[in-house]
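To start, the structure under review is shown below, and the notes come after it.
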Amino acid sequence: MTTYLLCFVLFLVGLFGVLTKRNIIKIAIGLIIMELSLFMFFALIGYVDNGIAPIIVEKTENTKFVDPLPQAIVLTAIVIGLATTAMLMAIAIRLYKKYNTFDIRKIANLKG
Amino acid sequence: MELLLSIILGLMILGAIYALFARDLMSALISCGIVGYGLVICFLLLQAPDLAIVQIVVETITLLIMIAVVLDSSREELKEKKAAEVKLSHFRKWYVMNVILIIVCLVVLLYFFKEVTSTLDPLGKHLTRMSTAYIEYAAEKTGSANLVTGVLFDFRGYDTLGEATILFTAVIGVLTILRVKGKK
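Spelled out as structure tokens, the structure:
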């Protein structure tokens, strides 16, 4: 229960960063922190006491495995997180080239 | 086990808070790395070696991309207004409103957190309801010794196809945005 709560606190820290920071890089950092806390939460859900990693080797009768399903889902999500971060950084560098600042208060005229 | 995980999670939270409040963007990024690499240790403790390998690679690449962006532009955090410059009257006018809003949001979030976690099993007491079949039949149906890859590429192959689509879209997006000659 403590670990679930700490995961939630980590998520809230990321949310705070996204909502209050004015720097695009800081907003990206907040998004990454939120992502990482979710990965941690999924890995925590699948954990089984005294379980071993879900890899079949010989003599594994009567041993408990950790749940492989959340791990597979998180594996997908990690790679997608990398893709979205790369996209965000590309947009950030493009905005910096045009407006010469990372301040989202100054990037106001988003006309086409 | 739970204590060890809690300590590492606490360190990750400290790193995250420092990352959000650092004056220099480079140190912010490096303390964001604390969160990512702490997560790698947690994955190893939670018996997820595949996740640990992927996370350590992805975290390194993410840090490299972001550091490249920061080195190419400015490292300075934006100058905030000093406390004396903020108009006190304007601050007082919204003070009560802000505090009430924050408390309401926190209460609502914590309520839903409690509702959600009450349906979950406590840490370590997880019942592999759906994955029981996966664990039982993965070896003979997919021929994969690693159950995670068996689930990822065989039972849930369409998920991986969608992931590949998203990766492809993201690459096209990055190429389009970073194209040297833009349309005027």
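Sequence order for the protein chains is A and B. The numbering used here applies: residue 1 is where the first sequence begins, and numbers increase by one. The numbering used here applies: residue 113 is where the second sequence begins, and numbers increase by one. Note that beta-carbon positions come from the ideal geometry of N, C-alpha and C, so glycine has one too.
Residue contact check for A/Y4 against chain B: a CB pair falls below 8 Å.
With respect to chain A, the C-beta atom of B/R135 has no partner C-beta closer than 8 Å.
By the Cβ criterion, the stretch 43–54 of chain A is in contact with the stretch 65–73 of chain A, since at least three pairs of Cβ atoms, one from each stretch, lie closer than 8 Å. The C-beta of B/E275 comes closer than 8 Å to at least one C-beta of chain A. Sequence-ordered contacts of the stretch 23–48 of chain A with chain B read N23, I25, K26, A28, I29, G30, I32, I33, L36, F39, M40, A43, L44, I45, G46, Y47 and V48 [C-beta pairs closer than 8 Å]. A/L75: member of the alpha helix (DSSP H) spanning P68 to Y99, first to last residue. One finds V13, G14, F16, G17, T20, K21, K26, I29, G30 and I33 in chain A with Cβ atoms closer than 9 Å to the Cβ of B/L132, taken in chain order.
By a beta-carbon distance limit of 8 Å, B/T172 does not contact A/L82. Their separation comes to about 10 Å. Counted as a single uninterrupted DSSP element, the stretch harbouring A/T63 is not any alpha helix (DSSP H), since DSSP gives it neither H nor E. Collapsing the DSSP output to three states places B/N210 in a helix. Counted as a single uninterrupted DSSP element, the alpha helix (DSSP H) harbouring B/D162 occupies residues P161 to D184. Among the residues facing chain A, B/V147 is included, as its CB has a counterpart in that chain under 8 Å away. At a cut-off of 8 Å between beta-carbon atoms, A/I107 makes no contact with chain B. Nearest CB-CB separation between A/T85 and chain B: below the 8 Å threshold. Residues are counted here when their Cβ sits less than 9 Å from a Cβ of chain B; for the stretch 89–106 of chain A these are M89, A90, I91, A92, I93, R94, Y96, K97, N100, T101, F102, D103 and R105, given in chain order.
Here the C-alpha atom of B/F133 lies approximately 33 Å from the C-alpha atom of B/T288. Contacts between B/A140 and chain A, judged by CB atoms closer than 8 Å, involve I25, K26 and I29 in chain order.
Distance check between A/D103 and each of B/F155, B/E188 and B/W206 places B/E188 closest, using alpha-carbon atoms only. The Cβ of B/E227 sits no closer than 8 Å to any Cβ of chain A. In the structure shown, A/V57 falls within a coil segment according to DSSP collapsed to helix, strand and coil. Judged by DSSP in its simplified three-state form, B/G148 adopts helix. In chain order, L75, I78 and V79 make up the part of chain A whose C-beta sits under 8 Å from the C-beta of B/V166.
Rounded to whole angstroms, A/V9 and B/I125 show a C-alpha spacing of 8 Å. According to the DSSP assignment, A/K106 belongs to no alpha helix (DSSP H), since it is labelled neither H nor E.
If you look at B/L264, you'll find it isn't in any alpha helix (DSSP H); DSSP assigns it neither H nor E.
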